[in-house]
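FYI, the numbering for the sequence shown is 1 to 636, going by the UniProt record's numbering.
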Amino acid sequence: MEMNEKKRRQSMILYAIIACAILIAINSLFSPSRAANAPKEASYSEFIQMVNDNKVDDVILDTTSGEIQFTTGDGDNKESWTCTQFPGDDTLVQRLEDHGVTYSAVTQSSDDSSSLIFYMLLSYVLPIGLLLLAGWWLNRRLKKAMGGDGPSMTFGGGMGGMGGLGKSGAKVVNGEETGVTFKDVAGQDEAKESLAEIVSFLENPNRYAQIGAKLPHGALLVGPPGTGKTLLAKAVAGEAQVPFFSISGSEFVEMFVGRGAAKVRDLFKQANEKAPCIVFIDEIDTIGKKRGMSINSNDEREQTLNQLLTEMDGFDNHKGIVVLAATNQPDVLDPALLRPGRFDRRIPVELPDLAGRKAILKLHASDVKMEGHIDLDVIARSTPGASGADLANIINEAALRAVRMGRSRVTQEDLEESVEVVIAGEKRKSTVLSEHEKQVVSYHEIGHAIVAATRKEGAPVQKITIVPRTSGALGYTMQVEEDEHFLTTRQEAEDKIAVLCGGRAAEELIFNEMTTGAANDIEKATELARNMVTQYGMSDEFGMVALGQVRNRYLNDGSTLTCAEGTAQKIDDVVIEMIEKGHQEALSTLKANRFKLHELARYLQKKETITGQEFMDIFTRDDGFAPRRSDGSTAK
Ligand code: ADP
Ligand code: MG
Ligand code: ZN
């Protein structure tokens with residue numbers, strides 16, 4: 001959506017530039033004042049002076065406009081002049097005769113006025129006509145370009161090919177052409193199940209009509225970006241072998257008012273002709289926002305939305321038109337869209353779980369050449385929270401890395417490396433840390449790892465590194481859950497806060513100083529503690545009271561407090577207390593394991609990246625400094 005918005009703005013600017021260029025060009029071509037031998041201007045006194053100096057040859061007095069046209073010099077020096085400020089001088093004729101100047105008088109003839117009209121025509125009407133023409137052409141171009149998938153916009157080259165482009169700009173691709181079936185969608189079994197009925201309906205609408213069963217006009221695919229909503233919609237068309245019309249909500253927000261509604265009308269007209277078919281509206285939230293909710297109420301969007309509602313109510317669904325729409329912000333949609341007979345069926349498309357991630361990795365891995373002993377399970381385990389698109393990207397990054405390394409097959413290392421590229425940001429080779437900085441970062445990361453390793457619950461450490469990432473992190477400690485679980489206990493949450501405090505605690509303990517390196521830890525710990533208090537009911541002070549409201553659970557953009565001012569103050573106090581508790585916990589754990597902290601930090605500083613196994617080997621080695629919990633008991 002942002003992309004299209006940008007495109008539109010760019011093309012508007014381009015349009016304005018072209019418009020100006022045309023105006024200037026035409027005016028300079030036709031305007032008489034700019035012509036090559038345009039007459040110079042002279043004041044009346046200058047003119048008289050020139051007459052007195054015998055410089056003037058030929059004078060034409062225009063009795064209509066009172067303008068004097070005259071020439072001076074001859075041959076190459078010949079110049080034409082005009083003087084428009086004739087003050088009505090009675091002595092002029094006498095003076096001209098005295099100096100032997102030839103003169104004549106004219107009344108502006110009808111000939112001249114028609115040439116004036118011609119000039120007006122050329123310099124004003126023509127450019128405006130051209131501008132309108134250019135605008136129309138550009139607009140058409142723009143619509144075509146935005147109907148396409150490519151991010152680039154070509155003004156010169158044609159955008160042909162790729163299915164028929166209707167007036168609406170909706171892409172028409174035959175069902176067979178989407179080439180996508182449910183086999184291409186890994187995981188998402190529940191979504192596929194819900195959509196199977198729609199497929200069967202599209203394959204044989206009559207069977208449903210005979211019984212009198214009504215299928216929903218539309219279904220809403222709801223889920224975070226990259227989870228395969230578009231893919232699923234295409235797969236429905238592919239499975240049922242029906243045409244697939246797709247359009248993105250952002251395309252509707254057109255340059256000229258009234259266009260969006262016309263587009264919708266068009267789209268459904270086309271769909272009606274090709275039924276049974278799928279109409280897919282991506283990013284429906286861009287047009288389907290609750291009306292009157294946004295600050296700058298957009299008439300255009302409302303018109304488009306109203307047209308969409310009208311069309312959905314109007315079409316005869318015995319013909320087999322199913323409208324699918326996708327969004328990651330279901331809560332901003334206008335309730336009118338969700339009424340029965342419209343998008344009354346909601347199909348959640350969630351982030352994949354461990355099994356789902358493995359299936360998606362396997363599917364995409366089948367497209368690239370890999371070494372025999374690849375363990376996709378490890379990759380799936382280390383990518384909780386990744387979307388299908390992220391996983392597809394990981395496989396592709398791994399393949400790219402293999403090519404860069406001059407190999408013909410993807411290795412396990414390629415995959416593990418690309419997990420970090422995609423999930424944690426690429427290794428930043430250009431950031432060179434000083435030895436002292438490396439030392440501080442080493443202690444910081446080992447601090448996290450030791451606190452993590454001494455918790456009763458909590459995921460084991462998989463990898464520790466002090467190689468900077470493009471994400472800005474100077475190092476990181478990666479923990480991987482043994483089994484995926486969806487519930488976090490209060491103990492686990494408190495442990496997590498202690499682990500997050502472990503980095504800063506190590507810096508304080510060893511160097512007796514603080515660095516900015518803990519900023520991200522602090523942010524995460526604070527957010528977790530705040531959620532424990534306001535959402536999970538995990539504080540003794542407040543108990544089971546919801547004190548905040550999650551803004552959008554898909555966009556993960558935090559929550560808004562819904563409590564009194566005084567309560568907010570108390571929440572802050574409790575949050576500070578919880579973090580301080582974690583901080584003290586981390587400090588005492590590290591104090592109890594001071595020797596292991598030194599040994600491991602030195603080891604990490606030397607190796608830069610160590611595995612969880614290496615870490616545990618050193619940490620648990622019984623050399624008189626066995627790992628200790630903060631209470632002094634022996635751990636693990
Ligand atoms: P969305 O529309 O939900 O943002 P897309 O359907 O555009 O996501 O998915 C983007 C890409 O991610 C797909 O083209 C596909 O390569 C990959 N992908 C996402 N989910 C899956 C899945 N469940 N199975 C296979 N590939 C997937
Ligand atoms: Mg999509
Ligand atoms: Zn840290």
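For glycine and all other residues, C-beta sits at the position ideal for the given N, C-alpha and C.
Note that the structure is a prediction, hence the values are computed from the model and not measured.
Contact residues of the ligand ZN (beta-carbon closer than 5 Å to any heavy atom; chain order) are Gly503, Asp521. In this structure, the straight-line span from the alpha carbon of Tyr443 to that of Arg342 is close to 58 Å.
Bridge pairing for Glu513: absent [DSSP]. Residue nearest to Thr304 within the set Gln584, Lys289, His318 is Lys289 (criterion: CA-CA distance). In the three-state reduction of the DSSP assignment, Ile374 falls in the coil class, being assigned neither a helical nor a strand state. In the same chain as Val461, and ignoring 5 residues on each side of it, the C-beta atoms closer than 8 Å to its own belong to Ala449, Ala452, Ala453, Thr477, Met478, Gln479, Gly612, Phe615, Met616, in chain order. With a cutoff of 7 Å on beta-carbon distance, Ile571 and Val533 are scored as near each other.
Checking the 6 Å criterion, the Cβ of Lys234 is out of range of every heavy atom belonging to the ligand MG. Beta-bridge partners assigned by DSSP to Val410: Met370. In terms of Cβ geometry, Glu445 and Ile464 form a close pair [threshold 7 Å]. Taking all protein chains in view, the Cβ of Met544 is surrounded by fewer than 16 other Cβ atoms within 10 Å, so the residue is classified as exposed. Note on geometry: alpha-carbon atoms of Arg381 and Phe542 lie some 36 Å from one another.
As computed with DSSP, Pro348 is found in a beta bridge with Val222. Contact between the region 180 to 196 and the region 219 to 232 is present, with at least three C-beta pairs closer than 8 Å. Of all residues, those with a beta-carbon under 6 Å from at least one heavy atom of the ligand MG are Lys229, Thr230, Asp282, Ala326, reported in chain order.
Unbroken alpha helix (DSSP H) runs of no fewer than 4 residues, entirely contained in the region 438 to 520, are found at 490 to 511, following chain order. Nearest to Ile281 by C-alpha distance, out of Asp521, Arg401, Ile247, is Ile247. Around the CB of Gln270, 16 or more other CB atoms lie within 10 Å, so the residue is classed as buried.
In this structure, Ala233 sits away from Leu333, with a CB-CB distance that is not shorter than 7 Å. Within the same chain, Gly187, Ile360, Gly388 come within 7 Å of Pro352 by CB-CB distance, once the 5 residues on both sides are set aside.
Cα atoms of Ala505 and Asp521: separation of roughly 11 Å, rounded to the nearest angstrom. Going by DSSP, Ile211 is part of no beta strand (DSSP E) but of the alpha helix (DSSP H) stretching over 205 to 211.
Gln69 is a Cβ neighbour of Ile60, given a cutoff of 7 Å. Here Val499 is not near Ser539, since their CB atoms are 7 Å or more apart. Runs of the alpha helix (DSSP H) lying entirely within the region 591 to 636, each at least 4 residues long, are 594 to 607, 612 to 620 in chain order. Judged by pairs of C-beta atoms under 8 Å, the region 389 to 399 touches the region 414 to 421, as three or more such pairs exist. In this structure, the alpha-carbon of Leu132 lies about 20 Å from that of Gly260. Straight-line spacing of the CA atoms in Leu202 and Pro276 works out to 6 Å. Apart from sequence neighbours up to five positions away, no residue of its chain approaches Gly212 with a beta-carbon distance below 7 Å. In this structure, the beta-carbon distance from Val242 to Ile198 does not fall below 7 Å. Each residue's CA atom was taken as its position, placing Ala38 and Gly100 some 25 Å apart. For Tyr103, the enclosing beta strand (DSSP E) stretches over residues 102 to 106. Under the DSSP assignment, Ser387 falls outside any beta strand (DSSP E); it carries neither an H nor an E label.
The ligand ADP approaches Gly226 closely enough that one of its heavy atoms is under 6 Å from the residue's Cβ. Runs of the alpha helix (DSSP H) spanning 4 or more residues and lying entirely within the region 31 to 94 occur at 44 to 52, in chain order.
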